[in-house]
Amino acid sequence: MTRKTKRTIGMLAAVAVAALVLWLVLRPGRKDAIMLETAPVERMTVRNSVTATGTVEPVTEVEVGTQVSGIIDRLYVDYNDVVKAGQLIAEMDKVTLEAELESSQADLASSKTEYEYRLKEYTRTKTLYEKGLVSDSEYDQAFYMYETARNTYQRNQADIVRVRQNLEYATITSPIDGVVISRAVEEGQTVAAGFETPTLFTIANDLTQMQVIADVDEADIGQVKEGQRVEFTVDAYPDDTFTGTVEQVRLEATTESSVVTYEVVITAYNPDLKLKPGLTANVTIYTFEQENMLTVPTKALRFVPDEELLSEIGVTFRPDTEQAPSGTRQV
1110 MTRKTKRTIG MLAAVAVAAL VLWLVLRPGR KDAIMLETAP VERMTVRNSV TATGTVEPVT
1170 EVEVGTQVSG IIDRLYVDYN DVVKAGQLIA EMDKVTLEAE LESSQADLAS SKTEYEYRLK
1230 EYTRTKTLYE KGLVSDSEYD QAFYMYETAR NTYQRNQADI VRVRQNLEYA TITSPIDGVV
1290 ISRAVEEGQT VAAGFETPTL FTIANDLTQM QVIADVDEAD IGQVKEGQRV EFTVDAYPDD
1350 TFTGTVEQVR LEATTESSVV TYEVVITAYN PDLKLKPGLT ANVTIYTFEQ ENMLTVPTKA
1410 LRFVPDEELL SEIGVTFRPD TEQAPSGTRQ V
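Remember, the working numbering sits 1109 above the position in the sequence shown when you count from 1.
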(Lines of atoms letter the chains of each structure in order from A and count residues from 1; the text may use other names and numbers.)
(Lines give C-alpha, C1' and ligand atoms only; values in the text may rest on other atoms or scores of the structure.)
Protein backbone atom coordinates (compact mmCIF):
# COMPACT_ATOMS: atom_id res chain seq x y z
CA MET A 1 0.00 0.00 0.00
CA THR A 2 1.36 3.32 -1.06
CA ARG A 3 1.88 6.27 1.23
CA LYS A 4 -0.81 8.23 -0.59
CA THR A 5 -3.34 5.47 -0.06
CA LYS A 6 -2.57 5.27 3.68
CA ARG A 7 -3.01 9.03 3.97
CA THR A 8 -6.43 8.84 2.29
CA ILE A 9 -7.64 6.05 4.58
CA GLY A 10 -6.51 7.99 7.68
CA MET A 11 -8.40 11.09 6.57
CA LEU A 12 -11.57 9.09 5.99
CA ALA A 13 -11.31 7.48 9.46
CA ALA A 14 -10.87 10.92 11.09
CA VAL A 15 -13.94 12.22 9.28
CA ALA A 16 -15.99 9.19 10.40
CA VAL A 17 -14.97 9.67 14.08
CA ALA A 18 -15.80 13.37 13.92
CA ALA A 19 -19.21 12.62 12.39
CA LEU A 20 -19.95 10.08 15.12
CA VAL A 21 -19.01 12.53 17.88
CA LEU A 22 -21.12 15.26 16.27
CA TRP A 23 -24.13 12.93 16.01
CA LEU A 24 -23.82 11.92 19.66
CA VAL A 25 -23.73 15.58 20.70
CA LEU A 26 -26.48 16.87 18.48
CA ARG A 27 -28.85 13.91 18.45
CA PRO A 28 -32.35 14.64 19.87
CA GLY A 29 -32.84 13.62 23.52
CA ARG A 30 -35.20 10.86 24.52
CA LYS A 31 -38.46 12.05 25.90
CA ASP A 32 -39.22 11.00 29.41
CA ALA A 33 -41.79 8.27 29.57
CA ILE A 34 -45.12 9.02 31.25
CA MET A 35 -45.29 7.22 34.59
CA LEU A 36 -48.77 6.38 35.91
CA GLU A 37 -49.36 5.61 39.54
CA THR A 38 -52.38 3.57 40.49
CA ALA A 39 -54.15 3.11 43.81
CA PRO A 40 -57.05 0.87 44.76
CA VAL A 41 -60.50 2.29 45.48
CA GLU A 42 -61.17 1.55 49.15
CA ARG A 43 -64.09 1.72 51.54
CA MET A 44 -63.37 3.93 54.54
CA THR A 45 -65.10 6.03 57.21
CA VAL A 46 -65.32 9.70 56.18
CA ARG A 47 -65.51 12.30 58.95
CA ASN A 48 -65.85 16.07 59.23
CA SER A 49 -65.19 17.77 62.55
CA VAL A 50 -65.22 21.10 64.39
CA THR A 51 -62.69 21.93 67.10
CA ALA A 52 -63.23 24.13 70.14
CA THR A 53 -62.16 24.61 73.75
CA GLY A 54 -64.34 24.39 76.81
CA THR A 55 -64.52 23.92 80.56
CA VAL A 56 -65.46 20.79 82.50
CA GLU A 57 -68.35 21.40 84.91
CA PRO A 58 -70.69 19.29 87.06
CA VAL A 59 -74.11 18.69 85.55
CA THR A 60 -75.86 19.83 88.74
CA GLU A 61 -74.16 22.38 90.96
CA VAL A 62 -75.91 24.15 93.85
CA GLU A 63 -74.68 27.15 95.78
CA VAL A 64 -75.76 26.97 99.43
CA GLY A 65 -76.20 30.31 101.21
CA THR A 66 -78.01 31.87 104.15
CA GLN A 67 -80.93 34.27 104.28
CA VAL A 68 -80.07 35.68 107.70
CA SER A 69 -77.13 37.73 108.87
CA GLY A 70 -74.96 36.62 111.72
CA ILE A 71 -71.85 34.74 112.83
CA ILE A 72 -70.96 31.27 111.58
CA ASP A 73 -70.97 29.22 114.77
CA ARG A 74 -70.15 25.69 113.52
CA LEU A 75 -69.07 24.07 110.25
CA TYR A 76 -69.68 20.36 109.88
CA VAL A 77 -68.30 19.68 106.38
CA ASP A 78 -65.18 20.56 104.44
CA TYR A 79 -63.88 20.32 100.87
CA ASN A 80 -64.55 16.99 99.09
CA ASP A 81 -66.91 15.73 101.80
CA VAL A 82 -69.82 13.61 100.58
CA VAL A 83 -73.16 14.90 101.88
CA LYS A 84 -76.78 13.75 101.78
CA ALA A 85 -79.88 15.85 101.19
CA GLY A 86 -81.02 17.33 104.53
CA GLN A 87 -77.68 16.75 106.25
CA LEU A 88 -76.59 19.46 108.70
CA ILE A 89 -73.58 21.24 107.21
CA ALA A 90 -73.35 24.51 109.22
CA GLU A 91 -74.97 26.46 112.05
CA MET A 92 -75.12 30.18 112.71
CA ASP A 93 -75.12 31.82 116.12
CA LYS A 94 -78.74 31.62 117.36
CA VAL A 95 -78.53 33.80 120.48
CA THR A 96 -79.84 36.93 118.77
CA LEU A 97 -82.47 35.04 116.79
CA GLU A 98 -83.73 33.22 119.91
CA ALA A 99 -83.97 36.55 121.74
CA GLU A 100 -85.99 37.96 118.84
CA LEU A 101 -88.28 34.96 119.05
CA GLU A 102 -88.89 35.46 122.78
CA SER A 103 -89.61 39.15 122.21
CA SER A 104 -92.02 38.32 119.40
CA GLN A 105 -93.78 35.77 121.56
CA ALA A 106 -94.23 38.35 124.32
CA ASP A 107 -95.56 40.91 121.83
CA LEU A 108 -97.94 38.34 120.43
CA ALA A 109 -99.26 37.43 123.88
CA SER A 110 -99.73 41.11 124.79
CA SER A 111 -101.49 41.92 121.55
CA LYS A 112 -103.72 38.88 121.92
CA THR A 113 -104.81 40.03 125.39
CA GLU A 114 -105.47 43.53 124.12
CA TYR A 115 -107.40 42.18 121.13
CA GLU A 116 -109.63 39.96 123.31
CA TYR A 117 -110.34 42.85 125.69
CA ARG A 118 -111.21 45.27 122.87
CA LEU A 119 -113.39 42.62 121.25
CA LYS A 120 -115.48 42.22 124.41
CA GLU A 121 -115.68 45.99 124.87
CA TYR A 122 -116.79 46.52 121.28
CA THR A 123 -119.38 43.74 121.56
CA ARG A 124 -120.94 45.38 124.66
CA THR A 125 -120.86 48.85 123.12
CA LYS A 126 -122.45 47.57 119.92
CA THR A 127 -125.31 45.99 121.91
CA LEU A 128 -125.93 49.22 123.81
CA TYR A 129 -125.68 51.26 120.63
CA GLU A 130 -128.32 49.13 118.93
CA LYS A 131 -130.64 49.88 121.92
CA GLY A 132 -129.83 53.61 121.70
CA LEU A 133 -128.12 53.71 125.07
CA VAL A 134 -124.72 55.05 123.86
CA SER A 135 -123.81 57.83 121.50
CA ASP A 136 -122.34 57.49 118.03
CA SER A 137 -118.97 58.78 119.18
CA GLU A 138 -118.74 56.14 121.91
CA TYR A 139 -119.58 53.40 119.42
CA ASP A 140 -117.07 54.72 116.91
CA GLN A 141 -114.37 54.89 119.58
CA ALA A 142 -115.00 51.30 120.66
CA PHE A 143 -114.93 50.10 117.05
CA TYR A 144 -111.68 51.98 116.39
CA MET A 145 -109.95 50.48 119.43
CA TYR A 146 -111.14 47.01 118.44
CA GLU A 147 -109.84 47.31 114.87
CA THR A 148 -106.50 48.65 116.07
CA ALA A 149 -106.05 45.78 118.52
CA ARG A 150 -107.04 43.22 115.86
CA ASN A 151 -104.53 44.60 113.34
CA THR A 152 -101.76 44.64 115.93
CA TYR A 153 -102.50 41.03 116.86
CA GLN A 154 -102.42 39.91 113.21
CA ARG A 155 -99.15 41.76 112.61
CA ASN A 156 -97.53 40.11 115.62
CA GLN A 157 -98.71 36.72 114.36
CA ALA A 158 -96.95 37.36 111.05
CA ASP A 159 -93.84 38.63 112.83
CA ILE A 160 -93.46 35.49 114.91
CA VAL A 161 -93.75 33.34 111.77
CA ARG A 162 -90.91 35.34 110.20
CA VAL A 163 -88.72 35.11 113.33
CA ARG A 164 -89.26 31.37 113.62
CA GLN A 165 -88.38 30.96 109.95
CA ASN A 166 -85.18 32.97 110.42
CA LEU A 167 -84.28 30.75 113.35
CA GLU A 168 -84.70 27.73 111.08
CA TYR A 169 -82.51 29.40 108.46
CA ALA A 170 -79.71 29.53 111.04
CA THR A 171 -79.51 25.74 110.68
CA ILE A 172 -78.04 25.15 107.22
CA THR A 173 -78.58 21.78 105.54
CA SER A 174 -77.58 20.33 102.19
CA PRO A 175 -80.33 20.63 99.57
CA ILE A 176 -79.04 17.70 97.49
CA ASP A 177 -76.91 14.57 97.62
CA GLY A 178 -73.43 15.39 96.39
CA VAL A 179 -69.86 16.45 97.09
CA VAL A 180 -68.67 19.73 98.59
CA ILE A 181 -66.41 21.31 95.98
CA SER A 182 -66.16 24.78 97.56
CA ARG A 183 -66.34 26.28 101.07
CA ALA A 184 -66.31 30.08 101.28
CA VAL A 185 -66.53 30.72 105.06
CA GLU A 186 -64.77 29.88 108.30
CA GLU A 187 -66.10 29.41 111.83
CA GLY A 188 -66.51 32.77 113.57
CA GLN A 189 -66.90 34.66 110.30
CA THR A 190 -69.73 37.19 110.06
CA VAL A 191 -71.96 37.03 107.02
CA ALA A 192 -74.41 39.74 105.97
CA ALA A 193 -77.50 38.70 104.05
CA GLY A 194 -78.53 42.02 102.54
CA PHE A 195 -79.50 42.46 98.90
CA GLU A 196 -77.52 39.37 97.90
CA THR A 197 -77.46 35.98 99.59
CA PRO A 198 -73.87 35.10 100.57
CA THR A 199 -72.60 31.74 99.30
CA LEU A 200 -71.28 29.41 101.99
CA PHE A 201 -70.81 26.14 100.07
CA THR A 202 -70.93 24.85 96.51
CA ILE A 203 -72.17 21.28 96.20
CA ALA A 204 -71.96 19.17 93.04
CA ASN A 205 -74.63 16.52 92.70
CA ASP A 206 -72.82 13.62 90.95
CA LEU A 207 -69.23 13.88 89.71
CA THR A 208 -69.60 10.72 87.62
CA GLN A 209 -71.88 12.73 85.33
CA MET A 210 -70.03 15.79 84.05
CA GLN A 211 -70.48 18.20 81.18
CA VAL A 212 -68.24 20.35 79.01
CA ILE A 213 -69.30 23.88 78.13
CA ALA A 214 -67.51 24.48 74.81
CA ASP A 215 -67.21 27.83 73.02
CA VAL A 216 -67.77 27.20 69.30
CA ASP A 217 -66.90 29.87 66.73
CA GLU A 218 -69.77 31.45 64.81
CA ALA A 219 -68.32 30.14 61.53
CA ASP A 220 -68.71 26.54 62.75
CA ILE A 221 -71.86 26.68 64.88
CA GLY A 222 -74.12 26.00 61.88
CA GLN A 223 -72.67 22.48 61.57
CA VAL A 224 -73.18 21.54 65.23
CA LYS A 225 -76.35 19.64 66.09
CA GLU A 226 -77.66 17.85 69.16
CA GLY A 227 -76.72 14.18 69.37
CA GLN A 228 -73.38 14.47 67.54
CA ARG A 229 -70.44 12.45 68.85
CA VAL A 230 -67.65 14.32 70.66
CA GLU A 231 -64.11 13.46 71.68
CA PHE A 232 -62.04 15.66 73.98
CA THR A 233 -58.81 15.68 75.94
CA VAL A 234 -57.61 17.53 79.03
CA ASP A 235 -54.07 18.54 79.88
CA ALA A 236 -54.21 16.63 83.17
CA TYR A 237 -54.45 13.32 81.24
CA PRO A 238 -52.81 13.90 77.83
CA ASP A 239 -52.85 10.19 76.93
CA ASP A 240 -56.58 9.74 77.60
CA THR A 241 -59.38 10.56 75.18
CA PHE A 242 -62.82 11.14 76.66
CA THR A 243 -66.08 10.82 74.76
CA GLY A 244 -69.38 12.64 74.98
CA THR A 245 -72.46 13.80 73.09
CA VAL A 246 -73.74 17.23 72.13
CA GLU A 247 -76.71 17.81 74.43
CA GLN A 248 -77.58 21.45 73.78
CA VAL A 249 -76.62 24.28 71.42
CA ARG A 250 -77.36 27.51 73.25
CA LEU A 251 -78.71 30.45 71.28
CA GLU A 252 -77.07 33.19 73.34
CA ALA A 253 -73.96 34.61 71.68
CA THR A 254 -70.87 35.75 73.55
CA THR A 255 -68.64 38.45 72.07
CA GLU A 256 -65.07 38.88 73.29
CA SER A 257 -62.42 40.87 71.40
CA SER A 258 -64.75 40.98 68.36
CA VAL A 259 -64.91 37.15 68.33
CA VAL A 260 -68.43 35.72 68.49
CA THR A 261 -68.90 32.27 70.03
CA TYR A 262 -71.81 30.09 71.11
CA GLU A 263 -71.92 27.75 74.07
CA VAL A 264 -72.38 24.04 73.32
CA VAL A 265 -73.20 21.70 76.21
CA ILE A 266 -71.54 18.27 75.93
CA THR A 267 -72.32 15.39 78.26
CA ALA A 268 -69.36 13.41 79.56
CA TYR A 269 -69.48 10.18 81.55
CA ASN A 270 -66.85 10.22 84.30
CA PRO A 271 -66.83 6.82 86.05
CA ASP A 272 -63.17 7.08 87.14
CA LEU A 273 -63.62 10.63 88.48
CA LYS A 274 -60.67 11.78 86.39
CA LEU A 275 -62.54 14.82 85.11
CA LYS A 276 -62.50 17.55 87.72
CA PRO A 277 -64.53 20.77 87.73
CA GLY A 278 -62.69 23.60 86.01
CA LEU A 279 -60.42 21.56 83.71
CA THR A 280 -59.89 22.95 80.20
CA ALA A 281 -61.04 20.56 77.47
CA ASN A 282 -59.83 20.45 73.86
CA VAL A 283 -62.97 19.40 72.02
CA THR A 284 -63.53 17.75 68.63
CA ILE A 285 -67.17 17.61 67.51
CA TYR A 286 -67.82 15.21 64.63
CA THR A 287 -70.38 17.02 62.50
CA PHE A 288 -70.40 14.33 59.77
CA GLU A 289 -69.58 10.63 59.92
CA GLN A 290 -70.26 8.08 57.20
CA GLU A 291 -68.92 4.54 57.27
CA ASN A 292 -68.14 2.20 54.37
CA MET A 293 -67.80 4.94 51.73
CA LEU A 294 -65.88 4.44 48.45
CA THR A 295 -62.76 6.63 48.52
CA VAL A 296 -59.91 7.49 46.14
CA PRO A 297 -56.68 9.40 46.83
CA THR A 298 -57.01 13.16 46.36
CA LYS A 299 -53.95 13.09 44.05
CA ALA A 300 -56.12 11.32 41.49
CA LEU A 301 -58.31 14.41 41.29
CA ARG A 302 -55.45 16.91 40.90
CA PHE A 303 -53.53 15.72 37.78
CA VAL A 304 -52.41 18.75 35.72
CA PRO A 305 -50.40 17.73 32.57
CA ASP A 306 -48.10 20.19 30.75
CA GLU A 307 -48.96 21.67 27.36
CA GLU A 308 -46.41 19.56 25.46
CA LEU A 309 -47.96 16.32 26.68
CA LEU A 310 -51.46 17.52 25.89
CA SER A 311 -50.47 18.64 22.41
CA GLU A 312 -49.35 15.11 21.60
CA ILE A 313 -52.88 13.84 22.26
CA GLY A 314 -54.56 16.72 20.45
CA VAL A 315 -55.49 18.89 23.46
CA THR A 316 -54.40 22.52 23.67
CA PHE A 317 -54.77 25.32 26.20
CA ARG A 318 -56.26 28.48 24.70
CA PRO A 319 -58.10 31.49 26.10
CA ASP A 320 -61.91 31.20 26.14
CA THR A 321 -62.15 33.96 23.52
CA GLU A 322 -60.10 32.02 20.93
CA GLN A 323 -61.52 29.31 18.73
CA ALA A 324 -59.81 25.89 18.84
CA PRO A 325 -58.26 24.75 15.55
CA SER A 326 -59.99 21.99 13.65
CA GLY A 327 -59.10 18.52 14.93
CA THR A 328 -58.17 19.69 18.47
CA ARG A 329 -59.97 19.85 21.79
CA GLN A 330 -60.00 23.08 23.80
CA VAL A 331 -59.57 23.03 27.59
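Virtual Cβ for every residue (Gly too), placed ideally from N, Cα, C.
Quick one, which of Gly1174, Tyr1346 and Gln1176 has its alpha-carbon nearest Asp1381's? Looking up residue 1381 in the sequence shown gives position 272. With distances taken between Cα atoms, Asp1381 lies closest to Tyr1346.
Using the C-alpha atoms, what's the distance from Thr1154 back to Thr1396? By 1-based counting over the sequence shown, the position of residue 1396 is 287. By 1-based counting over the sequence shown, the position of residue 1154 is 45. Cα to Cα, Thr1396 sits roughly 13 Å from Thr1154.
Which residues mark the beginning and the end of the alpha helix (DSSP H) in which Gln1298 is found? The sequence position of residue 1298 within the sequence shown is 189, counting from 1. Per DSSP, Gln1298 belongs to no alpha helix (DSSP H) and is neither H nor E.
Nearest candidate by alpha-carbon position, reference Thr1175, set Phe1310, Asn1260 and Leu1217: Start at 1 with the first residue of the sequence shown, and residue 1175 comes out as number 66. Closest option to Thr1175, judged by alpha-carbon separation, among Phe1310, Asn1260 and Leu1217: Phe1310.
Does DSSP put Gln1320 in a helix, in a strand, or in coil? Walking along the sequence shown from the start, residue 1320 turns up at place 211. Reduced to three states, the DSSP call for Gln1320 is strand.
Please classify Ala1390: does DSSP put it in a helix, a strand, or coil? Position 281 of the sequence shown, counting from 1, holds the residue named residue 1390. Ala1390 falls in the strand class under three-state DSSP.
Could you tell me which of Glu1247, Arg1152 and Thr1232 sits nearest to Thr1404, measuring between CA atoms? The residue labelled residue 1404 in the question sits at position 295 within the sequence shown. Comparing Cα-Cα distances from Thr1404 to each of Glu1247, Arg1152 and Thr1232, the minimum goes to Arg1152.
What does the alpha-carbon distance come out to for the pair Ser1367 and Ala1377? Counting from one through the sequence shown, the residue named residue 1367 turns up at place 258. Counting from one through the sequence shown, the residue named residue 1377 turns up at place 268. About 30 Å.
Would Ile1180 and Thr1282 be called neighbours here (beta carbons separated by less than 8 Å)? As a working note, residue 1180 is residue 71 in the sequence shown. As a working note, residue 1282 is residue 173 in the sequence shown. For Ile1180 and Thr1282, no; Cβs fall outside 8 Å.
Paired residues, beta bridge with Pro1167 - DSSP: Within the sequence shown, the letter at position 58 stands for residue 1167. In the DSSP output, where bridge partners are listed per residue, Pro1167 has Met1319.
Straight-line Cα distance separating Gly1241 from Tyr1224: Counting from 1 along the sequence shown, the entry for residue 1224 is found at position 115. Counting from 1 along the sequence shown, the entry for residue 1241 is found at position 132. The alpha-carbon atoms of Tyr1224 and Gly1241 are separated by roughly 25 Å.
Quick one: what's Arg1338 bridged to in DSSP? By one-based count along the sequence shown, residue 1338 stands at place 229. Under DSSP, Arg1338 forms a beta bridge with Thr1354.
So, helix, strand or coil for Ser1291, using DSSP? The residue you call residue 1291 lines up with position 182 of the sequence shown. If DSSP states are grouped into helix, strand and coil, Ser1291 belongs with the strands.
Output needed for Gly1303: all residues of its chain with C-beta closer than 8 Å, excluding positions within five of it in sequence on either side, in chain order. If you number the sequence shown from 1, residue 1303 lands on position 194. Counting only Cβ-Cβ distances below 8 Å, and skipping sequence neighbours, we find Ser1178.
Can you find at least 3 beta carbon pairs, one from the segment 1349 to 1364 and one from the segment 1233 to 1247, that sit closer than 8 Å? Not touching, per the Cβ criterion.
Under 8 Å between the Cβ atoms of Thr1308 and Glu1172? Position 199 of the sequence shown, counting from 1, holds the residue named residue 1308. Position 63 of the sequence shown, counting from 1, holds the residue named residue 1172. Closer than 8 Å, so yes.
Return the chain-ordered list of same chain residues with a C-beta closer than 8 Å to the C-beta of Gly1195, the five sequence neighbours on each side being excluded. As a working note, residue 1195 is residue 86 in the sequence shown. Only Thr1282 and Ser1283 meet the Cβ criterion.
Taking the C-alpha atoms as reference points, what is the distance between Thr1234 and Glu1247? Numbered from its first residue, the sequence shown carries residue 1234 at position 125. Numbered from its first residue, the sequence shown carries residue 1247 at position 138. A straight line joining the alpha-carbon of Thr1234 with that of Glu1247 spans about 8 Å.
Among residues of its own chain, excluding the 5 on either side of Glu1335, which ones have a beta-carbon nearer than 6 Å to its beta-carbon? Indexing the sequence shown from 1 puts residue 1335 at position 226. Closer than 6 Å at Cβ, skipping near neighbours: Val1355.
Cβ of Val1289 within 7 Å of any heavy atom in the ligand FAD? The ligand FAD is not part of the structure shown, which contains no ligands of any sort.
Thinking C-alpha only, which one of Glu1416, Pro1406 and Glu1398 is nearest Asn1157? As a working note, residue 1157 is residue 48 in the sequence shown. Asn1157 has its Cα closest to that of Glu1398, out of Glu1416, Pro1406 and Glu1398.
So is Ser1220 in contact with chain C if we call contact Cβ pairs under 8 Å? As a matter of chain content, chain C is missing from the structure shown, which is built from one protein chain.
Pull the bridge partners of Phe1310 from the DSSP assignment, please. As a first step, residue 1310 is located in the sequence shown; it is residue number 201 there, counting from the start. Partner(s): Val1173 and Arg1292.
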